[in-house]
Amino acid sequence: MTLRLFTSIQRSPCLAVTRVARLSGGRSIPLRDLPLLAVLVAIHHQDGDEFHALLIGAGYAMFGTPEGPWNMTARLERKLGARLKVDAVIETNPPRAEAALAKKRESVAKDVYQNSVILASVEEFREKVNSGDAKEPRAIFVATPPLFRGGLQPINNLEIKLNQLFPNAAIFLEKPVATGVPYEQSVGDAKEVGRLLATKHKAPVGIGYVLRYLKAVQEMKRIIEDNNLTVMATNARFVTAYELAIKTEWWNKSIMQGPIIEQGTHICDLARYFGGEVDIETVCAHALEAHEKPGQLSKKNFDESVIPDDLRIPRATSASWKYESGAVGTMLHATALHGVDYAIELEVYADGYQLILSDPFGTPALHIRKPGSDVIEVHPTPGDDPYFTEIDRFIDTIENGPNPQILSTYEDAARTYELTWAIRNSSEESTRRTDEKRKRKAGGA
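Going letter by letter, the sequence shown gives residues 1 to 445 in UniProt numbering.
Rendered as structure tokens:
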């Protein structure tokens, strides 16, 4: 039935939509419950204009994971349908890329990946384009570990290479922009990369700070703008469910630089989206470390003993700062929950208004208290897929489509990266002071 439906979609999208509706009995069908490409091709135009893409990275963010909604290729397929042609996947671990492509080639999206090749470097793909064995890419999608990008050195200057080799290709990169050390150099390099892309690259560049694209977030922005409000304070919370987090590199802050920089960056960025630029010198943070009694976790599904104690991630981090506007911000990140769902909220306060975004990765909702009433209005937005909205707006920016919009530029994302490093540095300094105080007390005893 899936193949017949796909064929009918290619011939007549309108009839295919009707047929899908009949199959569902008139009910709304979640995308995850239908053959993905069939639905997307049905609801998007098919004008024969092939969209050639280069993928860099074949991990969870690119091809999906049971841990969350991340799956860049699924959204590309939904947006572009049969127009999408993935010419190559750049991956240093070929078996991982082979496994991902094998699954795709068994799906209704098989034509998208029919001619995809696996290469070790972007230079190899440039050679294929030069020789006529591959098309010039319209866009490049990057979901590699940030350790290998965001810098100016040969080991991490991916963006610089892309600008030199493919100056006319749009670039979409997952967050964060980098996870380099030493932090002063890494932050400075990321800012310089942003400047170079803004001034030299000839096509759009976007960063995957996906929460900005939520319907609830955009409604919060609208309320603030329509009522001419000035944000007074933000309060962010990002609490992780850790049972499925089994990659030891995530738990080792010498590799991915810890949960604030790699994960909490989402909520820090969203706080900046509403509060504006942060006065970095005002950042103050404290951390609950792995060796402290409240930081003992009972549901870890990996062997943390292989990670030295001083390199284990903090279990909780709280931070506060002032925005350049004078407003204040606070943030809590914790690795604490069991199960699957995270606990994430952002509160934004302005004169007379309380705006709360809840459950942005699950069923997002906007909670509003406004002048004239103490009652909090709750506006759920079920089915909102900001990952698709993000890709949809990015492609429309490339193609002059109906909804062109990039909400996170590289330069802006580099400033979020700077904030997360400031939080980590402040918390580690606080931990050093606390440990020294404890040692002095123990010695005095």
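Glycine is no exception: its CB is placed at the ideal position from the N, C-alpha and C atoms.
Legend entry - DSSP three-state assignment for residue 377, whether helix, strand or coil: Three-state DSSP puts residue 377 in a strand.
Legend entry - Span separating the alpha-carbon of residue 79 from that of residue 72: Answer to the nearest angstrom: the Cα atoms are 11 Å apart.
Legend entry - Same chain, Cβ closer than 7 Å to residue 61, five either side skipped, listed in chain order: Contacts found: 70, 72, 143, 174.
Legend entry - Beta-carbon proximity of residue 462 to residue 135, cut-off 8 Å: Past the edges of the chain, shown from 1 to 445, lies residue 462, and the structure says nothing about it.
Legend entry - Inter-residue CB distance, residue 193 and residue 419 (contact presumed, cutoff 8 Å): Not a contact, Cβ separation roughly 17 Å.
Inset, instruction - Give the secondary structure of residue 22 by DSSP, where H, G and I count as helix, E and B as strand, and everything else as coil. - result: Since pLDDT at residue 22 reaches only 36, below the 50 mark, its modelled position is unreliable, and no value is offered.
Inset, instruction - Determine the burial state of residue 197: buried for a count of at least 16 other Cβ atoms within 10 Å of its Cβ, exposed for fewer. - result: buried
Legend entry - CA-to-CA distance, residue 109 to residue 323, given in whole angstroms: 46 Å
Legend entry - Three-state class that DSSP yields for residue 421 in the structure shown: Looking at residue 421 - three-state DSSP - the assignment turns out to be helix.
Inset, instruction - Put residue 232 into one of helix, strand or coil per three-state DSSP. - result: strand
Inset, instruction - Using the Cα positions of residue 186 and residue 439, report the straight-line distance between them to the nearest angstrom. - result: 33 Å
Legend entry - Alpha-carbon spacing of residue 308 relative to residue 282, whole angstroms: Approximately 31 Å between the Cα atoms of the pair.
Inset, instruction - On the DSSP bridge assignment, give the partners of residue 354 in chain order. - result: 349, 369
Inset, instruction - Could you name the residues of the same chain whose beta carbon sits closer than 6 Å to that of residue 158, not counting the 5 residues immediately before and after it, in chain order? - result: 149
Inset, instruction - Determine the closest residue to residue 233 out of 226, 269, 275, with distance taken between C-alpha atoms. - result: Nearest option by C-alpha distance: 275.
Inset, instruction - Check whether the Cβ of residue 359 lies closer than 8 Å to any Cβ atom in chain C. - result: No chain C is present in this structure, which holds just one protein chain.
Inset, instruction - Check each candidate in 252, 317, 259 and name the one with the smallest Cα separation from residue 305. - result: Of the residues 252, 317, 259, the one whose Cα lies closest to the Cα of residue 305 is 252.
Legend entry - Close beta carbons around residue 321, own chain, < 6 Å, minus the five adjacent residues each side: Take residue 321, set aside five residues on each side of it, and the residues of its chain with a beta-carbon closer than 6 Å to its own are 278, 282, 283, 329, in chain order.
Inset, instruction - Using three-state DSSP, classify residue 266 as helix, strand or coil. - result: The answer is helix: DSSP assigns residue 266 an H, G or I state.
Legend entry - Among 86, 338, 210, nearest to residue 104 - alpha-carbon criterion: 86
Legend entry - Outcome for residue 297 when other beta-carbon atoms lying within 10 angstroms are tallied against a minimum of 16: Exposed, since its Cβ has fewer than 16 Cβ neighbours within 10 Å.
Legend entry - Buried versus exposed call for residue 32 [16 or more other C-beta atoms within 10 Å across all chains shown]: Residue confidence is low: residue 32 scores 44 on pLDDT, short of 50, so the model does not pin down where it sits. Its coordinate-derived value is still stated next. Label assigned to residue 32: exposed.
Inset, instruction - Go through its chain and collect everything with a Cβ distance to residue 237's Cβ below 6 Å, but skip five positions before and after it. - result: If we look at residue 237 and ignore the five residues flanking it on each side, its Cβ neighbours are 332, 345.
Legend entry - Backbone secondary structure at residue 87 - three-state DSSP: strand
Inset, instruction - Note down the Cα distance separating residue 112 from residue 83, rounded to an integer number of angstroms. - result: 8 Å
Legend entry - Nonlocal neighbours in the same chain, by C-beta distance under 6 Å from residue 280, ignoring five residues either side: 422
Inset, instruction - Please state whether DSSP places residue 107 in a helix, a strand or coil. - result: coil
Inset, instruction - Could you say if the segment 385–393 and the segment 211–223 meet the contact criterion of at least three C-beta pairs nearer than 8 Å? - result: yes
Legend entry - Where residue 275 falls: helix, strand or coil (DSSP): Assignment of residue 275 by DSSP, reduced to helix, strand and coil, places it in the helix class.
Inset, instruction - Give me the Cβ distance between residue 338 and residue 243, rounded to the nearest whole Å; I'm assuming they're in contact under 8 Å. - result: 6 Å
Legend entry - Nearest-angstrom Cα separation, counted from residue 181 out to residue 151: 10 Å
Legend entry - C-alpha distance - residue 66 paired with residue 106, whole-angstrom precision: Looking at the two C-alpha atoms, the distance is approximately 19 Å.
Legend entry - Close-in-space but distant-in-sequence residues of the same chain around residue 92 (CB under 7 Å, 5 per side omitted): Excluding residues within five positions, the ones whose Cβ falls inside 7 Å are 120.
Legend entry - Cβ separation of residue 424 and residue 258, assumed to be a contact under 8 Å, to the nearest whole Å: 6 Å
Legend entry - Minimum length 3: unbroken beta strand (DSSP E) runs contained in the segment 134–190: List check, beta strand (DSSP E) in window: 139–142, 170–173.
Inset, instruction - Evaluate residue 222 with the Cβ neighbour count: other Cβ atoms within 10 Å of its Cβ, from every protein chain shown; 16 or more gives buried, anything less gives exposed. - result: Here residue 222 is exposed, its C-beta having fewer than 16 other C-beta atoms within 10 Å.
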